[in-house]
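Note sheet for the following structure.
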Amino acid sequence: MPKPTTPRGRPPVPSPARSPRPGPARAGKEVRREEPPREEPGKLFRVAGLSAVSALFAHDAARVERLFFEERLKAKTGDFCKAMAAARKPYRMVEADELAKVAGTVLHGGVVALIAPRPVPAFDTEAAKRWAADGQPLLILDGVGNPHNLGAILRTAAFFGLRRVVVSDHPGQALPSESAYRVAEGGFEWVELYRAANLPAVLKRLRESHRVAGTALGRGRTVVTDPAALAMGDRPAAVVLGNEEDGLPPATLAACEDILTLPGTGRIQSLNVAATAAILIHALAKPG
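The sequence shown lines up with residues 1 to 288 when you count with full-length UniProt numbering.
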């Protein structure tokens, strides 16, 4: 394995990301809202953990700008170091306390890569018509603001082979961030992420190629309770999930053909959105 190189001057250590500010509280009830992190233009993401960093090097090693690792992972990061040396980019073996400063957390798994963020392309309903030919469903997120939930959903999507996830332009919608990458465990490298502007209008056009269902309690409307039923017919499913506090915006829900509800015992009103997504992805995704 090449000897780790130390470039002139130590690479600047990124400062830890600030925690989102809590939102306003309703009377008698504390409401916790997490705004999606807004990354500074040109800022490098810190991606931690062997699974996530391995996925980066396997899919797009050119995005890795710097690499830091502990001695205990020296053997497992050997190929990463070779790739960095070939690209003439800095990589270093560091002590655990220094790696924690680089990562902004002690939960770094022994290796941290600094990467250039990948832009999220605009969702195109014409392209979706072509995608429908493979029968793969679409998962659409509208206002899912917790980056941990976004990361967990991308991890599940990658695990079950779901190829594409769409996020809306909802002001509270979480986008790729360090927190999301950390939870996704490499999921962002296996799933194509798109962003849709004016989601209600997009959903109406999407109904030409997909059966569009929104997750909600379905008051006043007939509901579908079996996710697999959405896959029956000549159109793959497109399922929309919303914010845990408020659910789907009324305009988004009105643009959906079906309302999908997962029945439970009634002891708990609803599931965490990442848990709901996992159930739906497992029921709908077609490996391949």
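A virtual CB, placed ideally from N, CA and C, is assigned to each residue, including glycine. Owing to the predicted nature of the structure, the values given are computational and were not obtained by experimental measurement.
Practice problem: Find the nearest neighbour of Leu-56 within the set Leu-203, Leu-193 and Glu-185, judged by alpha-carbon distance. | Solution: Glu-185
Exercise. May I have the straight-line CA-CA distance separating Asn-243 from Lys-82, to the nearest angstrom?
Key: 43 Å
Exercise. List the endpoints of the continuous alpha helix (DSSP H) containing Val-273.
Key: 273–284
Quiz item: Which parts of the stretch 148–221 are runs of the beta strand (DSSP E), unbroken and 3 residues or longer, counting only runs that do not cross its ends?
Solution: 164–168, 192–196 and 211–215
Quiz item: Could you give the distance in angstroms between the alpha-carbon of Thr-276 and the alpha-carbon of Arg-88?
Solution: 44 Å
Quiz item: For Asn-149, which residues of its own chain have a beta-carbon under 6 Å away from its beta-carbon, when the five flanking residues on both sides are left out?
Solution: Val-273 and Ala-274
Quiz item: Tell me, which residues are paired with Arg-46 by DSSP?
Solution: Leu-114
Exercise. Return helix, strand or coil for Glu-65, following the three-state DSSP convention.
Key: strand
Practice problem: Taking Glu-71 as the reference, give the member of Arg-182, Tyr-181, Glu-98 and Leu-206 with the closest Cα. | Solution: Glu-98
Quiz item: What do you reckon, are the CB atoms on Ala-116 and His-108 nearer than 8 Å?
Solution: no
Exercise. Taking Val-64 as the reference, give the member of Gly-49, Ala-75, Leu-50 and Phe-80 with the closest Cα.
Key: Phe-80
Quiz item: DSSP three-state call for Asp-258: helix, strand or coil?
Solution: strand
Self-check item: Same chain only: Cβ atoms within 7 Å of Ser-54, ignoring 5 sequence neighbours per side
Solution: Gly-186
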